[in-house]
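*Asks:*
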Ligand SMILES: Nc1ncnc2c1ncn2[C@@H]1O[C@H](COP(=O)(O)OP(=O)(O)OP(=O)(O)O)[C@@H](O)[C@H]1O
Ligand SMILES: [Mg+2]
């Protein structure tokens, strides 16, 4: 409806067009503009590819690192299940007492497996590996204590749960020292946390750069079409109408950049997987790098499109307004 | 239709382009605006299409004060005003058809309506067979007529023209004025700025004359000449 002339119809609000047809027109209009914007990209393939490349690669780096960190976390979780608690018993504990302790512990829920290593056996083994051999025979007494090796169930194998279990075991009267070798695991976890933070930081910085780059590309597009925008404003185009094709350009940059990033990450991970495989076969560890699934694809696309749109929105809001006919 | 009330316009540089201009062009009227180069003709038209805002005074269209129009509403105001520019303002890389259809596309008409109206507009200006051409391949007069077709394609109640006959020979100029007369016959208010006095002299239309930003005469065309000289 016209502001100045009561009763004068402007555009599609005029008589014959029903609401359904208007909705249909809305969609076909947008579709046409989206396709037009894609056509614009195609007409300047080199410039478009550069922008898409910048977006794609900027997403590739944090995505790859993120997936690697995630996988390391999963693998270390497997290792951790093998972690053991060693209980060194008091020297005055008799063999029978030790067996009693074993029976008591065997009913604990937290414990998956128990092994008793008598002091004599421990000494023999020490003799064997240390190479001290007969020299140890001169000891009049075995200085080593009896040892119980405790393997926690997987549920109680996380660092905190295992530490709790250790505390509980230390309260047993036969136990002199309990030791849980999870310090390295805790360190690994701390390292992984730092790595994750770094990945996030890197991602934020790169995303910021992407928004700026897309914004600048769109700004150049807008300036290139300055005269066209002027004419459109002269014949009554709203800012929103003029902005739309540029927003679609941002959308396409995002979509194509996202697809590109996904492909690159997939290739990099496949390549890392190949070289890891030979290594892992030596250790007989099953290793699959996971995380490049449909969900990851969706997230990467959404992120990428979001960045593309954000860049174009910022640019469009500033620069389309600036162009005014004089 | 167009009403100026004590309108003055001073450009940021301090240039006094219009001083206390008042006049009223009625609905359905056809009027000319003349004056020397730099007299303020273009400035006056720009105040109507809100490309500039008055420093003092009010501009009203159809009773609506333009000072109440927000920045966002300007686009909708321009859809009610068909504007023709001395420097045609055509898109040189788009076909004649695309150029003329632009106001319709902006308003979101159906493709069928657009095709029908653009054809009709091009028919009126005698360029029906050039719809697929690029404006560059047209003569100056033809380009001007494309601009006119674009200005009338969405049937605005008001037509503004700034030097529409700028570089055209007298015969072509007359043809274009005849076109405006046709639209005027159909009920459209027409307001034309030109310094082509010879053209005006041949017709009896109301003529407003500006001199250094002041409205010095307002009357039928033959009386305008005295003030102009
Ligand atoms: N954007 C602007 N900034 C500053 N001064 C301007 C601007 N536009 C016009 N002027 C000044 O205002 C005065 C009136 O200019 P205007 O363009 O309205 O004249 P005109 O009557 O259309 O002249 P012409 O016949 O040459 O087109 C001139 O002195 C001009 O220098
Ligand atoms: Mg002028």
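Residue numbers (our numbering), protein chains in the order written: chain R, 1 to 326; chain X, 327 to 555. We treat Cβ as the ideally placed atom computed from N, Cα and C, and that holds for glycine.
1. Quick one: what's residue 519/X bridged to in DSSP?
2. Quick check on DSSP: helix, strand or coil for residue 295/R?
3. Could you give the distance in angstroms between the alpha-carbon of residue 542/X and the alpha-carbon of residue 526/X?
4. Anything in chain X within Cβ reach of residue 29/R, meaning under 8 Å, just list it in chain order.
5. Out of 377/X, 534/X, 458/X, which has the shortest C-alpha to C-alpha gap to residue 233/R?
6. Given that a residue counts as buried once 16 or more other Cβ atoms are within 10 Å of its Cβ, and exposed if not, what is residue 235/R?
7. Take the Cβ of residue 100/R as the centre, count every other Cβ of all protein chains shown within 10 Å, and call the residue buried at 16 or more, exposed below.
8. Measure the CB-CB distance between residue 142/R and residue 119/R and report whether it falls below 8 Å.
9. Please list, following the chain, all residues that have a C-beta closer than 7 Å to any non-hydrogen atom of ligand 2.
10. Can we say the region 339 to 354 of chain X touches the region 485 to 505 of chain X, given the rule of at least three CB pairs closer than 8 Å?
11. Let me confirm a value: residue 425/X is counted as buried when at least 16 other C-beta atoms fall within 10 Å, else exposed. Which label applies?
12. Give the residues from the region 227 to 243 of chain R that approach chain X closer than 8 Å (Cβ to any Cβ), ordered along the chain.
13. Which of helix, strand or coil does DSSP assign to residue 326/R?
14. Name the DSSP beta bridge partners of residue 544/X, please?
15. Using a 10 Å radius around the Cβ and a threshold of 16 neighbouring Cβ atoms, would you call residue 174/R buried or exposed?
16. Can you pull the chain R neighbours of residue 377/X, defined as C-beta to C-beta under 7 Å?
17. Could you tell me which whole beta strand (DSSP E) segments of length 3 or greater appear in the region 455 to 488 of chain X?
18. Considering only C-alpha positions, which residue in the set 406/X, 432/X, 401/X, 511/X is nearest to residue 7/R?
19. With DSSP run on the structure shown, which of helix, strand or coil describes residue 553/X?
20. Under 9 Å between beta-carbons, which chain R residues line up against residue 471/X? List them in chain order, please.
21. Would you kindly report the start and end of the unbroken alpha helix (DSSP H) that includes residue 556/X?
22. Are there three or more Cβ pairs, one per stretch, closer than 8 Å when the region 329 to 340 of chain X is compared with the region 516 to 532 of chain X?
23. Quick one, are the C-beta atoms of residue 411/X and residue 473/X less than 8 Å apart?
24. Return the CA-CA distance between residue 41/R and residue 379/X, expressed in angstroms with no decimal places.
25. Can you name the start and end residues of the beta strand (DSSP E) that residue 113/R belongs to?
26. For the putative contact between residue 351/R and residue 145/R, defined by C-beta atoms under 8 Å, what is the C-beta separation to the nearest angstrom?
*Replies:* To lay it out plainly:
1. In the DSSP output, where bridge partners are listed per residue, residue 519/X has 359/X, 488/X.
2. Residue 295/R falls in the helix class under three-state DSSP.
3. Pairing residue 542/X with residue 526/X, the inter-Cα distance amounts to about 17 Å.
4. Under the 8 Å cutoff, chain X gives 434.
5. Among 377/X, 534/X, 458/X, the Cα nearest to that of residue 233/R is on 377/X.
6. When all chains shown are included, residue 235/R counts as buried.
7. By the 10 Å Cβ count, residue 100/R comes out exposed.
8. Yes, they are a contact pair.
9. This criterion selects 367/X, 368/X, 412/X, 488/X, 489/X, 519/X.
10. Flag = no, the region 339 to 354 of chain X and the region 485 to 505 of chain X do not touch.
11. Its Cβ being crowded by 16 or more others within 10 Å, residue 425/X is buried.
12. Those would be 227, 228, 230, 231, 232, 233, 234, 235, 236, 237, 238, 239, 241, in chain order.
13. DSSP places residue 326/R in coil when its eight states are reduced to three.
14. BP columns for residue 544/X point to 534/X.
15. Per the 10 Å Cβ criterion, buried.
16. Taking a Cβ-Cβ threshold of 7 Å, the residues of chain R close to residue 377/X are 325, 326, in chain order.
17. At a cut-off of 3 residues, the continuous stretches assigned as beta strand (DSSP E) that sit fully inside the region 455 to 488 of chain X are 484 to 488.
18. Among 406/X, 432/X, 401/X, 511/X, the Cα nearest to that of residue 7/R is on 406/X.
19. Any reading at residue 553/X must be qualified, since the residue scores a pLDDT of 47, below 50, and its modelled position is unreliable; no value is offered.
20. Per Cβ cutoff of 9 Å: no residues; residue 471/X is ~16 Å from chain R at best.
21. In the structure as shown, chain X begins at 327 and stops at 555. Residue 556/X is therefore absent and cannot be evaluated.
22. The region 329 to 340 of chain X is not in contact with the region 516 to 532 of chain X.
23. It is a contact, given that the beta carbons lie within the stated cut-off.
24. Going from the Cα of residue 41/R to the Cα of residue 379/X covers about 38 Å.
25. From DSSP, the beta strand (DSSP E) with residue 113/R extends over 111 to 117.
26. Since the first and last residues shown for chain R are 1 and 326, residue 351/R lies out of range.
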